[in-house]
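A short worksheet on the structure shown next.
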Amino acid sequence: TPIIQLKNIVKRYKLGGETIHALNDVSLEILKGGFVAIMGPSGSGKSTLMNMIGCLDRPDAGTYLLQEEDIGKKNDNQLAAIRNQEIGFIFQNFNLLTRLTAMENVEMPLLYTKMSMAKRRERALEVLDQVGLKDRAGQLPTQLSGGQQQRVAIARALVAKPTILLADEPTGALDSKTSKEILQVMKELNELGHTVILITHDLSIAKQAGRMVILQDGKLFENGGERLGEFSIH
Ligand code: ADP
Ligand code: ADP
3 TPIIQLKNIV KRYKLGGETI HALNDVSLEI LKGGFVAIMG PSGSGKSTLM NMIGCLDRPD
63 AGTYLLQEED IGKKNDNQLA AIRNQEIGFI FQNFNLLTRL TAMENVEMPL LYTKMSMAKR
123 RERALEVLDQ VGLKDRAGQL PTQLSGGQQQ RVAIARALVA KPTILLADEP TGALDSKTSK
183 EILQVMKELN ELGHTVILIT HDLSIAKQAG RMVILQDGKL FENGGERLGE FSIH
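In terms of UniProt numbering, the sequence shown opens at residue 3 and continues consecutively.
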């Protein structure tokens with residue numbers, strides 16, 4: 003069975019007298035180990051979908067099954083627990099804590115577990131090594147390049163062994179050469195068995211995922227190729 007099953011998901015926002023269908027009857031299944039890019043213009047519902055998949059929000063209608071658990075039926079505490087266990091978030095602007103070293107940033111998600119400090123450090127170093135930054139463990143984010151900061155953020159996303167990596171415009175703040183390197187890291191993680199979901203504006207990035215879906219006005223389309231021409235990227 004798929005790891006993620008969205009069935010006829012609706013998410014509405016009320017704005018003044020108007021109702022906006024940010025997600026309008028969205029259905030999507032993602033298999034374990036998949037690598038899916040979600041594309042779409044600004045305002046198409048990408049953030050809303052990311053919040054849904056990432057268990058930050060619940061649908062107004064439709065069902066979301068994550069590992070066969072019905073997310074719409076969970077309370078806030080249950081959602082937070084599922085989020086911490088299952089999802090590693092990666093953001094455009096890295097979201098690193100500037101006063102903490104690379105190692106301390108990576109360790110953060112483990113502070114809520116029962117792991118000893120020695121074990122936390124060991125695990126943090128292991129994932130920093132995985133993204134090629136073991137020798138930078140003691141440095142602050144400001145001492146690292148953008149690409150290196152994003153690697154630290156990826157290590158932080160990985161540290162608690164989530165099943166899904168959910169990346170929101172992970173290359174949005176990086177130059178094209180560095181973007182390619184970050185994408186390579188994500189491809190390698192996918193090859194190691196992680197399910198990767200990548201939200202991006204960038205067609206050249208999205209094309210490298212195994213599968214591409216496109217959002218437009220809250221509607222989701224599977225990329226058969228022919229719809230792509232309708233979008234001007236950026
Ligand atoms: P994207 O990430 O693709 O830019 P969003 O998911 O942020 O799109 O937004 C989808 C639609 O929902 C847009 O029309 C946006 O204005 C609207 N929207 C998003 N969040 C809110 C909110 N909190 N309140 C009202 N409208 C919202
Ligand atoms: P990359 O292309 O690998 O992302 P850059 O070319 O931006 O890296 O940076 C080259 C080197 O300079 C890196 O090893 C990085 O650690 C260092 N560096 C980048 N920005 C800063 C900074 N603001 N302060 C200190 N060192 C930096």
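Where is the CB? At the ideal position from N, CA and C, for every residue including glycine.
Review point. Quick one: does the C-beta of Gly45 sit closer than 7 angstroms to a heavy atom of ligand 1?
Key: Yes.
Point to revise | Local conformation of Leu81 per DSSP, three classes | key: helix
Practice item. Verify whether the separation of the beta carbon atoms of Gly174 and Gln94 is less than 8 angstroms. Key: In terms of Cβ geometry, Gly174 and Gln94 form a close pair [threshold 8 angstroms].
Point to revise | Coil, strand or helix - Val38 by DSSP | key: strand
Practice item. Have a look at Gly45, Leu51, Tyr15, Ala82 and flag the residue whose alpha-carbon is nearest the alpha-carbon of Val28. Key: Leu51
Point to revise | Where Arg153 falls, given that 16 or more other Cβ within 10 Å makes a residue buried | key: buried
Exercise for review: Confirm the yes/no value for this check: CB of Ile22, any heavy atom of ligand 1, distance under 7 angstroms.
Suggested key: yes
Point to revise | Stretch-stretch touch, CB-based, cutoff 8 angstroms, three pairs: the segment 172–192 with the segment 98–117 | key: no
Review point. According to the Cβ coordinates, are Ala155 and Ile201 closer than 8 angstroms?
Key: Between Ala155 and Ile201, the C-beta spacing is not below 8 angstroms.
**Study point:** Cβ contact (3+ pairs, closer than 8 angstroms) linking the segment 30–44 and the segment 209–228
**Key:** In this structure the segment 30–44 lies against the segment 209–228, because at least three pairs of beta carbons, one per stretch, are closer than 8 angstroms.
Review point. Can you find a heavy atom of ligand 1 that lies under 7 angstroms from the Cβ of Lys221?
Key: Flag unset: Cβ of Lys221 not near ligand 1.
Review point. Which class does Asn10 belong to by DSSP, given the choice of helix, strand or coil?
Key: strand
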